[in-house]
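These protein sequence lines map, in sequence, to chains H and F.
Going from the first sequence to our numbering is simple: count from 1 and add 8.
Going from the second sequence to our numbering is simple: count from 1 and add 40.
Take a look at the structure below.
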Amino acid sequence: MQFAIQWLVDKFSFLSPISILLLISLMFIVGTVVLLLAMLYEGLGTYALRKIGGDIQVRIGPNRVGPVGLLQFLADGVKLFLKEDIVPTVVDKKLFILAPFITFAASCAAFVALSYSDRLVISNLNIGLFYLLAISSLVVIGVIMAGWASNSKWSLLGGMRAAAQIVSYEIPIGLSLLSVILITQSLNMGEIIRSQSGGWGILNWHIFHNPFVFISFFIYFTAALAEVNQTPFDLPETESELVAGYFTEYSGMRFGFFFMAEWGEIFIVSAIAVTLFLGGWQLPIINNLDIHIYLKNLLQLGVFLGKTFLLIYLMLWIRWTLPRLRVDQIMYMCWKVLLPFAFFNIIGTGLWLLIFKGKGIPELVIQLFS
Amino acid sequence: MEGIIYKIVFYLFAVLTVGSALVVVTSRNIVHSAFALLFTFFGVAGLYVFLSADFLAATQVLIYVGGILVLILFGVMLTRKVFDVKIFSGAGQVFPAAVGVAVIFFLLATVIVKTPWHLVGERAMEPTTAEIGKLLMTDFLLPFEVASVVLLAALVGAVILIRKEVRPPKVD
Numbered sequence: 009m010q011f012a013i014q015w016l017v018d019k020f021s022f023l024s025p026i027s028i029l030l031l032i033s034l035m036f037i038v039g040t041v042v043l044l045l046a047m048l049y050e051g052l053g054t055y056a057l058r059k060i061g062g063d064i065q066v067r068i069g070p071n072r073v074g075p076v077g078l079l080q081f082l083a084d085g086v087k088l089f090l091k092e093d094i095v096p097t098v099v100d101k102k103l104f105i106l107a108p109f110i111t112f113a114a115s116c117a118a119f120v121a122l123s124y125s126d127r128l129v130i131s132n133l134n135i136g137l138f139y140l141l142a143i144s145s146l147v148v149i150g151v152i153m154a155g156w157a158s159n160s161k162w163s164l165l166g167g168m169r170a171a172a173q174i175v176s177y178e179i180p181i182g183l184s185l186l187s188v189i190l191i192t193q194s195l196n197m198g199e200i201i202r203s204q205s206g207g208w209g210i211l212n213w214h215i216f217h218n219p220f221v222f223i224s225f226f227i228y229f230t231a232a233l234a235e236v237n238q239t240p241f242d243l244p245e246t247e248s249e250l251v252a253g254y255f256t257e258y259s260g261m262r263f264g265f266f267f268m269a270e271w272g273e274i275f276i277v278s279a280i281a282v283t284l285f286l287g288g289w290q291l292p293i294i295n296n297l298d299i300h301i302y303l304k305n306l307l308q309l310g311v312f313l314g315k316t317f318l319l320i321y322l323m324l325w326i327r328w329t330l331p332r333l334r335v336d337q338i339m340y341m342c343w344k345v346l347l348p349f350a351f352f353n354i355i356g357t358g359l360w361l362l363i364f365k366g367k368g369i370p371e372l373v374i375q376l377f378s
Numbered sequence: 041m042e043g044i045i046y047k048i049v050f051y052l053f054a055v056l057t058v059g060s061a062l063v064v065v066t067s068r069n070i071v072h073s074a075f076a077l078l079f080t081f082f083g084v085a086g087l088y089v090f091l092s093a094d095f096l097a098a099t100q101v102l103i104y105v106g107g108i109l110v111l112i113l114f115g116v117m118l119t120r121k122v123f124d125v126k127i128f129s130g131a132g133q134v135f136p137a138a139v140g141v142a143v144i145f146f147l148l149a150t151v152i153v154k155t156p157w158h159l160v161g162e163r164a165m166e167p168t169t170a171e172i173g174k175l176l177m178t179d180f181l182l183p184f185e186v187a188s189v190v191l192l193a194a195l196v197g198a199v200i201l202i203r204k205e206v207r208p209p210k211v212d
């Protein structure tokens, strides 16, 4: 991008209308490509969601459009685009139209800070993890906005529940990630992944560093399920009580934006879990391969996506298996179960690092036998 | 050319901040004001980035947008008859408001002009997180601890406000 801008400036003087036009069209093209990729992932995500759901509930799932129903998402997408764009008369029009975009933009903005492979980093932020936590807290504003602007009881209740739930669960998420930060002493996503390399393969991953981090992973994963409103915690959109929660009044592509934002968030929380606990783009076999750097990065990208998709599969599995919690049970879970354990883990990790001088379990075992 | 893009983005953030702040003050719908605050906070975070304060910018978004704004929205939405709140309640308040604004403006302008600012030249984006942490644990430990005590007091206060009154059983 920067290279292209530089070229444009060299070619034309900067403020000529042509260069500005070219710049805008360039941004437009890049944005379109990124959006198309995101839509492909989200479309295949919905296909996976329905197919896995069918599998677990002993149904067949989508099987009409394309081979084994694989093109179902294209049909759904076309349907969403062609649907009439209904804006109910009694809604707060400005906020109603703005809400899906804020949610979607916030979920897209999170993608820049991830480290997809050793070299493939969109923005190498020094505060990467902190940025991710901050920017994903914007999503809740869009959700409240949608709930309020719809001027419907169901939407408002859904929006309120979402706000209460997301704000509460942000705390165990932040605290459970802190125990990893204590070990790596860096918030940069790439550096966190690099600190998990070493001669002991997957035992170098932070999840095996000490028992406290092991518990932290499960706290994070549970809280992340609640943060992205997946099923045991999908109170904001319970179809049996609230029709569809905060997006009840939305139709067509405006609904589509909420849907895509949700899939974006699912990817982000899984990718954070992979980065912090499961070694990111590292796999012992690939680390030792002596091949061209581009090929290696491509393989790393594949490993990263593979691990992330495995976690997403786990989320869908839970989604189709467990029943939903009550509102008070969700709050109990957050404040009285996850939060104390998260604090315990931070103190435990700190003590561990102090006593064993920053060494993890694998290293200690090696020392014991040498 | 870096400079030009830098300036364009800076002015975009400045316009975003000031424009949405104007909406906050002038909007007749108090919910719209609350939502406009989102863009003000976000714009301020962007300005922090221009001051090479990346950690502060992210904190601004996390705390103000993710926490405080959500609380404000909760408060506003749970208030009944939000649409009936009259923000301009007659000309009687215009004069005192003008005086108040003038006094604050004069005060701020004087402080800005009189303060001997330490001017730091162009500085590259440097990691600030570790430095902030070290300073909080050494030079500014007392203010840090005092702030946490204040927050603890607020927490205890909130719990006292919402707790159920437990009456002792009556003794005949």
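Built from N, CA and C at the ideal position, the CB exists for glycine as well.
Whole-number beta carbon distance between residue j and residue i, since they are thought to touch under 8 Å
i              : j              : result
T40 (chain H)  : F81 (chain H)  : Contact flag wrong, Cβ pair sits at about 18 Å.
T57 (chain F)  : G83 (chain F)  : 3 Å
G69 (chain H)  : G62 (chain H)  : 3 Å
W162 (chain H) : L250 (chain H) : 5 Å
T80 (chain F)  : A61 (chain F)  : 5 Å
P244 (chain H) : L333 (chain H) : About 12 Å; that fails the 8 Å criterion.
A85 (chain F)  : V101 (chain F) : 5 Å
T357 (chain H) : F220 (chain H) : 5 Å
S176 (chain H) : W343 (chain H) : 7 Å
G150 (chain H) : P108 (chain H) : 7 Å
L309 (chain H) : Y49 (chain H)  : L309 (chain H) to Y49 (chain H), Cβ: 13 Å. No contact.
F104 (chain H) : S158 (chain H) : 7 Å
I274 (chain H) : V236 (chain H) : 5 Å
V277 (chain H) : A234 (chain H) : No, V277 (chain H) and A234 (chain H) are not in contact; Cβ-Cβ is about 10 Å, not under 8 Å.
V148 (chain H) : A170 (chain H) : 7 Å
M47 (chain H)  : L137 (chain H) : Not confirmed; about 27 Å, so no contact.
Assigned secondary structure, residue i (DSSP; H/G/I helix, E/B strand, else coil)
i              : result
V211 (chain F) : coil
V120 (chain H) : helix
G287 (chain H) : coil
T111 (chain H) : helix
V98 (chain H)  : coil
R68 (chain F)  : coil
N71 (chain H)  : coil
S145 (chain H) : coil
K365 (chain H) : coil
H407 (chain H) : Nothing can be reported for residue 407 (chain H): it is not among the residues displayed for chain H, which extend from 9 to 378.
Y258 (chain H) : coil
G77 (chain H)  : helix
R334 (chain H) : coil
G272 (chain H) : helix
N305 (chain H) : helix
D298 (chain H) : coil
V236 (chain H) : coil
T178 (chain F) : coil
A82 (chain H)  : According to the sequence displayed, residue 82 (chain H) carries Leu and not Ala. In this structure, L82 (chain H) counts as helix in the three-state DSSP scheme.
R203 (chain F) : coil
N3 (chain H)   : With chain H represented from 9 up to 378, any question about residue 3 (chain H) goes unanswered, as that position is not in the structure.
V251 (chain H) : coil
L147 (chain F) : helix
N159 (chain H) : coil
Spatial neighbours of residue i in its chain, beta-carbon cut-off 6 Å, leaving aside the 5 residues before and after
i              : result
W360 (chain H) : N218
L133 (chain H) : A121 and Y139
I60 (chain H)  : L324
F225 (chain H) : I215 and F285
I112 (chain F) : A74
S129 (chain F) : Low confidence applies to S129 (chain F): its pLDDT is 49, below 50, so where it sits in the model is not reliable, and the reading given next is rough at best. Answer for S129 (chain F): no residue qualifies.
S203 (chain H) : T192
V141 (chain F) : none
Sheet register partners of residue i (DSSP bridge)
i              : result
V129 (chain H) : H:S123
Close Cβ partners of residue i (< 8 Å) along its chain, the five nearest in sequence each way excluded
i              : result
L88 (chain H)  : G260, M261, F263 and G264
G366 (chain H) : I191
W271 (chain H) : Y49, E50, G53 and T54
L176 (chain F) : F184
V89 (chain F)  : A97
Own chain residues within Cβ distance below 7 Å of residue i, not counting five before or after
i              : result
L297 (chain H) : K304
F95 (chain F)  : T168, T169 and I172
Worksheet item: With contact counted as at least three CB pairs below 8 Å, one residue from each stretch, are the stretch 308-326 of chain H and the stretch 276-287 of chain H in contact?
Response: yes
Discussion item. Under 8 Å, with one C-beta from each stretch per pair, do the stretch 223-237 of chain H and the stretch 180-198 of chain H reach the 3-pair mark?
Written reply: yes
Discussion item. I'd like to know if the stretch 92-101 of chain H and the stretch 123-132 of chain H are in contact, where contact means that at least 3 CB-CB pairs between them fall below 8 Å.
Written reply: no
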